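Asks:
Residue numbers (my numbering): 8 to 366.
1. Which term fits residue 149, buried or exposed, when burial requires 16 or more other beta carbons within 10 angstroms of its beta carbon?
2. Since residue 54 is in the beta strand (DSSP E), which residue starts that stretch and which ends it?
3. In its own chain, which residues sit with a C-beta less than 6 Å from the C-beta of residue 180, not counting the 5 before and 5 after it?
4. Would you check if there are 3 or more beta carbon pairs closer than 8 Å linking the region 69-86 to the region 193-210?
5. Going by CA-CA distance only, name the one from 126, 271 and 262 that's closest to residue 337.
6. Among residues of its own chain, excluding the 5 on either side of residue 286, which ones have a beta-carbon nearer than 6 Å to its beta-carbon?
7. Taking DSSP's pairing of strands, which residues face residue 260 in a bridge?
8. Could you work out which residue in 125, 113 and 84 is closest to residue 107 when comparing CA atoms only?
9. State the Cα-Cα distance for the pair residue 292 and residue 216, rounded to the nearest angstrom.
10. Can you name, in chain order, every residue of its own chain whose Cβ lies under 7 Å from the Cβ of residue 117, other than the five neighbours on each side?
11. Write down the C-beta distance between residue 211 and residue 27 rounded to the nearest angstrom, noting that I regard them as a contact closer than 8 Å.
12. Kindly confirm or deny that the region 160-178 and the region 308-320 touch, where touching means at least three C-beta pairs closer than 8 Å.
13. Output needed for residue 13: all residues of its chain with C-beta closer than 6 Å, excluding positions within five of it in sequence on either side, in chain order.
14. Using the Cα positions of residue 101 and residue 295, report the straight-line distance between them to the nearest angstrom.
15. Buried or exposed: where does residue 350 fall if 16 or more other Cβ atoms within 10 Å of its Cβ makes it buried?
16. Which residues mark the beginning and the end of the alpha helix (DSSP H) in which residue 133 is found?
17. Would you tell me roughly how many angstroms separate the C-alpha atoms of residue 24 and residue 76, rounded to the nearest one?
18. Whole angstroms are fine: how far does the CA of residue 322 sit from the CA of residue 126?
19. Assign residue 237 to one of two classes, buried (16 or more other C-beta atoms within 10 Å of its C-beta) or exposed (fewer than that).
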């Protein structure tokens with residue numbers, strides 16, 4: 008019985024790979040037509056994609072359109088089309104106006120100007136800078152082979168090493184779940200380390216961003232961790248991430264435990280079709296990637312960075328609700344959880360099954 012279910016899970020992995028391949032083909036077809044049409048319509052327009060697609064920020068490439076004066080060859084304007092970067096951090100890049108001194112100069116002159124990355128949006132701003140400089144280098148006939156984006160720092164930080172050790176510890180207890188006070192300790196440490204300290208969490212928007220970067224994904228420790236988590240789920244049939252690692256899920260379970268102790272929590276009937284909503288969110292996101300539509304679901308995970316008051320308020324509100332309705336976000340709204348369940352279940356009738364830690 009195990010082998011057919013394992014084969015079905017590997018089939019789900021192959022199906023996901025086929026969707027990723029379709030996303031790449033759709034993007035390349037759409038962008039090639041758009042670049043050709045724009046180049047014919049606007050003389051002097053320089054497009055970055057697909058040449059600079061290997062240059063990636065946190066969520067993917069940061070395409071740019073640079074308009075040159077056809078007569079003098081000086082830069083008229085620099086515009087950034089929509090991309091898959093986090094809107095809050097990308098807004099910081101745009102507000103910094105990194106290239107304000109470029110208009111009125113030739114590409115060769117602009118390349119001599121110093122441009123610094125934006126604090127708090129380092130990956131996004133570095134990708135934007137490298138993309139602009141690569142496009143201007145080609146225009147100035149000084150183009151060199153396009154390098155891949157270099158890591159922000161060599162190796163992993165101490166926070167990331169601690170996060171990896173913690174993940175290894177969670178993997179050890181995967182088949183022997185902790186109970187009572189030990190489970191509370193596990194949830195607390197996971198939320199603190201993977202959430203607030205190392206930011207070692209995933210989201211559906213982030214996963215969609217990785218799909219948009221194919222075939223040049225933004226290589227990071229989180230991407231390798233994501234691949235490892237998916238492989239563990241496919242091999243074991245256990246939702247390792249949602250049941251053990253997700254810091255927001257851990258906080259929700261802690262809130263639910265407190266609610267049950269005080270008698271405030273009440274259970275939702277198993278027959279309630281709340282799980283369909285998160286699958287709809289997942290399907291809409293996949294469709295947005297395939298058809299190049301900027302659909303990005305709301306997710307409270309960035310509240311762990313403590314940089315957006317409204318995101319912090321939204322996350323706190325969901326935790327308060329979890330005090331009365333256990334794991335409401337996980338059960339009803341989390342599209343990433345629906346993605347993990349897609350890889351977990353061996354047959355369609357397993358959708359609502361699993362241990363209480365996996366829900």
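From the three backbone atoms N, C-alpha and C, an ideal C-beta is built for every residue, glycine too.
Owing to the predicted nature of the structure, the values given are computational and were not obtained by experimental measurement.
Replies: Short version:
1. Here residue 149 scores only 47 on pLDDT, less than 50, and its place in the model should not be relied on; the value that follows carries that caveat. Exposed, since its Cβ has fewer than 16 Cβ neighbours within 10 Å.
2. Bounds of the beta strand (DSSP E) holding residue 54 are 52-54.
3. none
4. Taking 8 Å as the limit for Cβ pairs, the verdict is that the region 193-210 does not touch the region 69-86.
5. Looking only at 126, 271 and 262, the smallest Cα-Cα distance to residue 337 is reached by 262.
6. 345, listed in sequence order.
7. Answer by DSSP bridge pairing: none, since residue 260 is not bridged.
8. Per the Cα distances, 84.
9. 10 Å
10. So the list reads 82, 109 and 143, once near-sequence residues are dropped.
11. Going by Cβ atoms, the distance from residue 211 to residue 27 rounds to 15 Å, so no, they are not a contact pair.
12. no
13. none
14. 24 Å
15. Within 10 angstroms of the beta-carbon of residue 350 lie 16 or more other beta-carbons, which makes it buried.
16. 129-146
17. A direct Cα-to-Cα measurement between residue 24 and residue 76 gives close to 43 Å.
18. Inter-residue distance for residue 126 and residue 322 is about 24 Å (C-alpha atoms, whole angstroms).
19. buried
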